[in-house]
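There are 2 protein chains.
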Amino acid sequence: MSEKFYAVIMAGGKGERFWPLSSSKTPKQVLPLISDRPMIAMTVDYIKDLIPPERILIITNASLVDVTKEAVPELPTENVIGEPVGRDTAAACALGAALVKARCPDGAFCILTADHAISDLEIFRKTINEGLAYALENDVLMTIGIKPTFPSTGFGYIEAGEKKEHNGTVEFRKAMRFVEKPDNLTAKEYLDAGNFLWNSGMFMWSVQALQKAFESFQPEIADMAKQIEAVAWTKEFSSVLREEYSKLGKISIDYAVMEKADNIVVAEGGFSWSDIGTWPSLAEHYEADANGNVVVGSGEHLESTDNIVVSKDRLTALIGVNNLVVVQSEHATLICPKDKAQDIKAMVQQLHARGIYENLL
Amino acid sequence: MSEKFYAVIMAGGKGERFWPLSSSKTPKQVLPLISDRPMIAMTVDYIKDLIPPERILIITNASLVDVTKEAVPELPTENVIGEPVGRDTAAACALGAALVKARCPDGAFCILTADHAISDLEIFRKTINEGLAYALENDVLMTIGIKPTFPSTGFGYIEAGEKKEHNGTVEFRKAMRFVEKPDNLTAKEYLDAGNFLWNSGMFMWSVQALQKAFESFQPEIADMAKQIEAVAWTKEFSSVLREEYSKLGKISIDYAVMEKADNIVVAEGGFSWSDIGTWPSLAEHYEADANGNVVVGSGEHLESTDNIVVSKDRLTALIGVNNLVVVQSEHATLICPKDKAQDIKAMVQQLHARGIYENLL
Chain H
56 MSEKFYAVIM AGGKGERFWP LSSSKTPKQV LPLISDRPMI AMTVDYIKDL
106 IPPERILIIT NASLVDVTKE AVPELPTENV IGEPVGRDTA AACALGAALV
156 KARCPDGAFC ILTADHAISD LEIFRKTINE GLAYALENDV LMTIGIKPTF
206 PSTGFGYIEA GEKKEHNGTV EFRKAMRFVE KPDNLTAKEY LDAGNFLWNS
256 GMFMWSVQAL QKAFESFQPE IADMAKQIEA VAWTKEFSSV LREEYSKLGK
306 ISIDYAVMEK ADNIVVAEGG FSWSDIGTWP SLAEHYEADA NGNVVVGSGE
356 HLESTDNIVV SKDRLTALIG VNNLVVVQSE HATLICPKDK AQDIKAMVQQ
406 LHARGIYENL L
Chain G
56 MSEKFYAVIM AGGKGERFWP LSSSKTPKQV LPLISDRPMI AMTVDYIKDL
106 IPPERILIIT NASLVDVTKE AVPELPTENV IGEPVGRDTA AACALGAALV
156 KARCPDGAFC ILTADHAISD LEIFRKTINE GLAYALENDV LMTIGIKPTF
206 PSTGFGYIEA GEKKEHNGTV EFRKAMRFVE KPDNLTAKEY LDAGNFLWNS
256 GMFMWSVQAL QKAFESFQPE IADMAKQIEA VAWTKEFSSV LREEYSKLGK
306 ISIDYAVMEK ADNIVVAEGG FSWSDIGTWP SLAEHYEADA NGNVVVGSGE
356 HLESTDNIVV SKDRLTALIG VNNLVVVQSE HATLICPKDK AQDIKAMVQQ
406 LHARGIYENL L
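Heads up: the protein sequence lines correspond to chains H and G, in order.
Its first residue numbered 56, the first sequence is counted upward by one per residue in our numbering.
Its first residue numbered 56, the second sequence is counted upward by one per residue in our numbering.
See below:
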């Protein structure tokens, strides 16, 4: 364990696909979706035996800073950083680099998100530990790829090339290319090929290597990071951040840096990983009954199969329905087929447009 | 309008098919299902311009007397009668006859139920008025048949025979036979034949003619009625009723009397009538939106058609679902396809069996 290692958790989204449980007051990361701990607290739990809370930063939306602090009281409150506006992941990574560099100029950090369910935590921490060490010793940007277990069309992929020798047990390979979410056929080809990994959205790098990459490919972001570094952890930080962010466009770290740089190394994550992006992905973390129904809370069913019911404060009774998602919050109920769970975002937009449901959103 | 005319409303069921809105504390008849008035109050409204509240009796289950009284404060409280146990409709009709006879020995009464939605009320009251007058003048038992509008398999039918002359405009015919709920093919034959009417479960008769019929076909019930008549409207009534009812078996008025007697006359109900037996039958009384969705309360939908949403105290949001019934009560949510709405009764049984939901039932 090195004192040069930091973790930056990106927790900016509202998680609208988890409406009606998620809302502006209760964003996804503060919800106890897959255990009785908020998602953001679980993420801190995953890493804190390797990187202690003092060196864990959370970057979220400014409006979510207070609820996020409440969800992870073990973190120093100043470690929860609010972005005045969302500028996608490239800006957030650069912001994280500036904040870490101001504390530890020769430090390294991993990027985690609050959306992931991870088990096999020993392997997870070993991956981060070896990755950060390798990133510090070599002039590379590391990403974590997950060995696909099925031909998912919901993730981007990384094509892995030649193996990198290093002093450790985690497999590191040169990343040949990043590819967008594939269609069904292509996803099957990737699975068969064997050297394609899911792009987990987790990264490891030294602050210096990342800074150099931004200077090469995104000079405006590099400039922003320099301005931020100068005022990091001071009273001027917020106003400079607001000023600098207002100049930036939105761009993802994959598109801004990872797809352009030629010094990308992918670490094969040998731990169990899943992205908690929709209600069906969450349901996989609960045991289904003999009829395939997952019930979180109070549910009864008759001639009903393969449903997901989240109903903590009331009874949900199903008769003769299949493959539905039913989610109950205090004041609203959502019902949709599992394969429409992506459309919950559109429903939230519709409710915003109605103008009378703001207290539920 | 004759002072000899009474109305007896049978309102004994719990209406389990309307769970979760209906419950032991809020049985169907006290729910404002198709307007902002409880079903039982609407029934009183239908008839009260012809028969005033003082001559309207309600027979319900003893456990439902208090909520029923609250739902129809315009009725003298003694006019709401509680049966200690349910003994089906024959016993209830005999009980009604005994109570009416004790007040008016040469009276007549109609049997109504709290399950019906009736419009064209002028025609309805004319049917009752002419029917009661005819029943008083002739030694007949009258029933009301409804001209079928579709080949329903959900109602029993009455085959109508020769026309009866009388001083009025409602068509009276000899009832040839009563038939049980038919299958699809038979229902279509009945519709084509033209002389089959839906058995509405509404009756009109003089207390004397009904008494005579019970004496002929159901001497035990006739005996019960005599005992009741002797103590009607006195303090002894309840204990005698309990004693007498305990001796009886369950039998319907159709089976006990109507299918056996040869002096049955059917009045053709020219008013608009529907039986509110399930959520889909109720939805016909609300306007559907362009997508066929009926929303009572607060509902939003996306790519969803032909659903019924009853959601007065919370928001129900539907995405990509069709032909569902969704009903919200304070503490429970029911979801089932329209064509499974009959099975709500089985769900209520299942919930009783669980033993932990009694406060919701």
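A virtual CB, placed ideally from N, CA and C, is assigned to each residue, including glycine.
For this session: Measure the C-alpha to C-alpha separation of residue 349/G and residue 391/H and round it to an integer number of angstroms.
Result: 17 Å
Problem set entry | Straight-line gap, residue 182/G to residue 294/G (C-alpha atoms, nearest Å) | 37 Å
Exercise. Got a sec, what are the start and stop residues for the beta strand (DSSP E) residue 253/H sits in?
Worked result: 251-261
Exercise. Does DSSP put residue 98/G in a helix, a strand or coil?
Worked result: helix
Problem set entry | Proximal residues of chain G, C-beta to C-beta of residue 88/H below 7 Å | Result: empty, since nearest Cβ-Cβ is about 19 Å, beyond 7 Å.
Exercise. Three-state secondary structure (DSSP) at residue 373/H?
Worked result: strand
Exercise. How would you list, in chain order, the residues of chain H whose beta-carbon sits under 7 Å from the beta-carbon of residue 375/G?
Worked result: 391, 392, 395 and 398
Problem set entry | Contact list for residue 369/G against chain H, beta-carbon separation under 7 Å | 386, 387 and 388
Problem set entry | Cβ contact check for the segment 103-117 of chain G and the segment 57-68 of chain G: 3 or more pairs under 8 Å | yes
Exercise. In this structure, does DSSP put residue 404/H in helix, strand or coil?
Worked result: helix
For this session: Could you tell me whether the Cβ of residue 357/G comes closer than 7 Å to any Cβ of chain H?
Result: yes
Problem set entry | Contact list for residue 412/G against chain H, beta-carbon separation under 7 Å | 370
Exercise. How many angstroms separate the CA atom of residue 77/G from the CA atom of residue 355/H?
Worked result: 18 Å
Exercise. Thinking C-alpha only, which one of 275/G, 196/G and 306/G is nearest residue 264/G?
Worked result: 196/G
Exercise. Under a Cβ-count criterion, where at least 16 other Cβ atoms within 10 Å of its own Cβ denotes burial, should residue 174/H be classed as buried or exposed?
Worked result: exposed
Exercise. What do you reckon, is the C-beta of residue 379/H under 6 Å from a heavy atom of the ligand ATP?
Worked result: The ligand ATP is not part of the structure shown, which contains no ligands of any sort.
For this session: Please list, in chain order, all residues of the same chain as residue 100/G whose beta carbon is under 8 Å from its beta carbon, the five residues on each side excluded.
Result: 92
Exercise. Whole-angstrom Cβ separation of residue 284/G and residue 303/G, contact assumed at under 8 Å?
Worked result: Actually they are not in contact, since the Cβ atoms of residue 284/G and residue 303/G sit about 16 Å apart, beyond 8 Å.
Exercise. Looking at the structure shown, is residue 148/G part of a helix, part of a strand, or coil, going by DSSP?
Worked result: helix
Exercise. Closest to residue 248/H by CA distance: which of 228/H, 215/H, 277/H and 238/H is it?
Worked result: 215/H
Problem set entry | Straight-line Cα distance separating residue 74/G from residue 395/G | 13 Å
For this session: Select from 96/G, 68/G, 318/G and 97/G the residue whose C-alpha is nearest the C-alpha of residue 83/G.
Result: 68/G
For this session: Assuming residue 230/H and residue 268/H form a contact by the criterion Cβ under 8 Å, report the distance between their Cβ atoms to the nearest whole angstrom.
Result: At roughly 13 Å, the Cβ-Cβ gap does not stay under 8 Å, so residue 230/H and residue 268/H are not in contact.
For this session: Give a yes or no on whether the minimum CB-CB distance between residue 65/G and chain H is below 7 Å.
Result: no
Problem set entry | Pair within 7 Å by beta-carbon distance, residue 361/G and residue 352/G | no
Problem set entry | Proximity to residue 282/G [Cα-Cα], best of 272/G, 298/G, 135/G and 271/G | 298/G
Problem set entry | Any C-beta of chain G under 7 Å from that of residue 402/H | yes
Problem set entry | Residue of 166/G, 260/G, 318/G and 364/G minimising C-alpha distance to residue 190/G | 260/G
Exercise. Expressed to the nearest angstrom, what Euclidean distance is found between the alpha-carbon atoms of residue 376/G and residue 337/H?
Worked result: 21 Å
For this session: Mind listing, in chain order, the continuous alpha helix (DSSP H) runs of no fewer than 4 residues lying wholly within the segment 263-350 of chain H?
Result: 274-286, 292-302 and 334-338
Exercise. Given a threshold of 16 other Cβ atoms within 10 Å of its Cβ, counted over all protein chains shown, does residue 321/G qualify as buried or as exposed?
Worked result: buried
Problem set entry | Sub-7 Å separation of residue 262/H and residue 155/H beta-carbons | yes
For this session: Give a yes or no on contact between the segment 158-165 of chain G and the segment 323-341 of chain G, applying the rule of three or more CB pairs nearer than 8 Å.
Result: no
Exercise. Counting Cβ pairs, one atom from each stretch, are 3 or more of them under 8 Å apart for the segment 229-245 of chain G and the segment 206-220 of chain G?
Worked result: yes
For this session: Following the continuous alpha helix (DSSP H) through residue 222/G, name the residue where it begins and the one where it ends.
Result: From DSSP, residue 222/G is part of no alpha helix (DSSP H); its letter is neither H nor E.
Exercise. What first and last residue would you give for the beta strand (DSSP E) that runs through residue 200/G?
Worked result: 196-201
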